[in-house]
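The listed protein sequences correspond, in order, to chains A and B.
This note's numbering applies: residue 294 is where the first sequence begins, and numbers increase by one.
This note's numbering applies: residue 65 is where the second sequence begins, and numbers increase by one.
Glycine included, C-beta positions come from ideal geometry on N, C-alpha and C.
Predicted model only: the values in this text are computed from it and were never measured.
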Amino acid sequence: MENITPQLYTLLVFMVVGSIVAIEARNLLSAVISVSAVGFALSVAFLFLGAPDIAITQLVVEILVLIILIRGTILLDNTAIEKGRDTLAMVASLIFFGLILGFGAMIFGSTGFPEFGEPLMRVSRVYVQTGLPATYAANIVAAVILDFRAYDTLGEASVLFAAILGALALLRRSGSATREEVVSA
Amino acid sequence: MTVYFLCVVLLTMGLYCLVAKKNIVKKVIGLIIMEYAVNLYLIIIGYKRGGVAPVIERGMNPAALERFVDPLPQALVLTSIVIGLGVMALMVAMCLRLYEKHGTFDMSQISKLRG
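Here it is, written out as structure tokens:
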């Protein structure tokens with residue numbers, strides 16, 4: 294795949310349009326399905342960008358997100374919430390947008406932010422060159438995750454463990470007294 | 065550069081959804097969109113023009129190693145995606161508890177019930 298720019302732009306525009314639909318849809322079910330469409334487009338974009346591992350992970354995670362969101366929330370309450378447009382939030386978002394672009398231009402405009410298609414690879418060159426002899430892993434991404442940066446992976450696994458533990462603690466039934474029991478006791 | 069710009073547009077849209085929407089499920093959706101934008105941005109930074117996935121095949125000559133895309137952002141984003149799933153499960157659990165207590169997903173009504 295020599296020139297992927299047209300495909301990437303198509304997918305990105307699709308993602309932006311899908312996000313607009315997801316944000317502005319009045320029906321919660323349409324919003325959830327639109328955000329899932331954005332996630333699947335992201336998975337295809339990862340495939341074009343030369344990241345098959347991430348594309349597979351994104352696909353699996355996207356299906357789980359869809360299932361959790363629909364089963365967990367949509368079945369409860371699908372009513373649209375009536376309200377006017379919040380101008381303060383829109384102004385705040387636009388200011389944030391301008392700040393990101395402004396500071397990005399200030400910092401990287403002169404020093405040369407890497408152009409699209411020309412990564413720095415100061416650290417990664419060593420990983421690519423010594424990956425196979427040092428770790429015997431043919432997949433360099435797996436070598437980086439599980440060998441070169443295994444401590445990072447350990448920390449991220451503990452973050453994941455904490456998040457899942459929090460979700461389980463919030464959702465468990467036994468041991469949590471209901472409001473009526475507390476009031477009557 | 066336009067690719068980076070579109071990523072920032074996506075991030076800002078997620079932020080708007082997170083700040084402006086009253087429905088807490090919509091807020092979760094906004095956070096998911098922001099996460100997508102950041103992950104895509106990191107992968108795009110590591111893309112090399114005409115690059116291939118960083119997987120070594122049998123009988124590959126050493127010159128082909130120069131065509132690999134950057135594996136470091138890929139490795140970090142891979143765990144970041146899974147963590148995003150865990151955090152989203154935590155947020156949905158909070159939404160369910162709030163719905164159980166207040167009977168609505170509307171943020172303004174939930175704050176009216178306070179005290």
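Would residue i count as contacting chain B if we go by Cβ distances under 8 Å?
i, result
"residue 420/A", "yes"
"residue 386/A", "yes"
"residue 428/A", "no"
"residue 447/A", "no"
"residue 442/A", "yes"
"residue 299/A", "no"
"residue 356/A", "no"
"residue 400/A", "no"
"residue 392/A", "no"
Give a yes or no on whether 8 Å exceeds the smallest Cβ distance from residue i to chain A.
i, result
"residue 156/B", "yes"
"residue 123/B", "no"
"residue 153/B", "yes"
"residue 117/B", "yes"
"residue 67/B", "yes"
"residue 70/B", "yes"
Can you name the residues of chain B whose CB is closer than 8 Å to the CB of residue i?
i, result
"residue 412/A", "109, 110, 111, 112, 133 and 134"
"residue 350/A", "142, 145 and 146"
Given that residue i touches chain A, what residues does it touch there, using C-beta distances under 7 Å?
i, result
"residue 84/B", "379, 382 and 383"
"residue 90/B", "324"
"residue 73/B", "309"
"residue 150/B", "453, 456 and 457"
Ends of the alpha helix (DSSP H) at residue i?
i, result
"residue 449/A", "443-464"
"residue 411/A", "First-last for residue 411/A: undefined, no H or E at that position."
"residue 326/A", "321-341"
"residue 348/A", "345-362"
"residue 91/B", "88-109"
"residue 123/B", "Counting along the chain, residue 123/B falls outside any alpha helix (DSSP H), and DSSP gives it neither H nor E."
"residue 65/B", "Note, residue 65/B: premise wrong, no alpha helix (DSSP H); not H, not E."
"residue 369/A", "Neither: residue 369/A is in no alpha helix (DSSP H) and is coded neither H nor E."
"residue 302/A", "298-317"
"residue 415/A", "Counting along the chain, residue 415/A falls outside any alpha helix (DSSP H), and DSSP gives it neither H nor E."
"residue 162/B", "135-166"
"residue 434/A", "433-436"
Around the Cβ of residue i, are there at least 16 other Cβ atoms within 10 angstroms (buried) or fewer (exposed)?
i, result
"residue 165/B", "exposed"
"residue 128/B", "exposed"
"residue 438/A", "buried"
"residue 76/B", "buried"
"residue 368/A", "exposed"
"residue 400/A", "exposed"
"residue 329/A", "buried"
"residue 426/A", "exposed"
"residue 450/A", "exposed"
"residue 126/B", "exposed"
"residue 454/A", "exposed"
"residue 123/B", "exposed"
For residue i, go through chain B and note every residue whose CB falls closer than 7 Å to its CB, in chain order.
i, result
"residue 417/A", "134, 135 and 136"
"residue 346/A", "138 and 142"
"residue 339/A", "107"
"residue 343/A", "111, 115, 116, 117 and 133"
"residue 396/A", "The premise fails here: residue 396/A is roughly 11 Å from chain B at the closest Cβ pair, so nothing lies under 7 Å."
Quick one: which chain A residues come within Cβ less than 8 Å of residue i?
i, result
"residue 97/B", "312, 315, 316, 328 and 331"
Name, please, each residue of chain B whose Cβ falls closer than 9 Å to the Cβ of residue i.
i, result
"residue 361/A", "149, 152, 153 and 156"
"residue 432/A", "117, 118, 119, 120 and 135"
"residue 366/A", "88, 89, 92, 156, 159, 160, 163 and 169"
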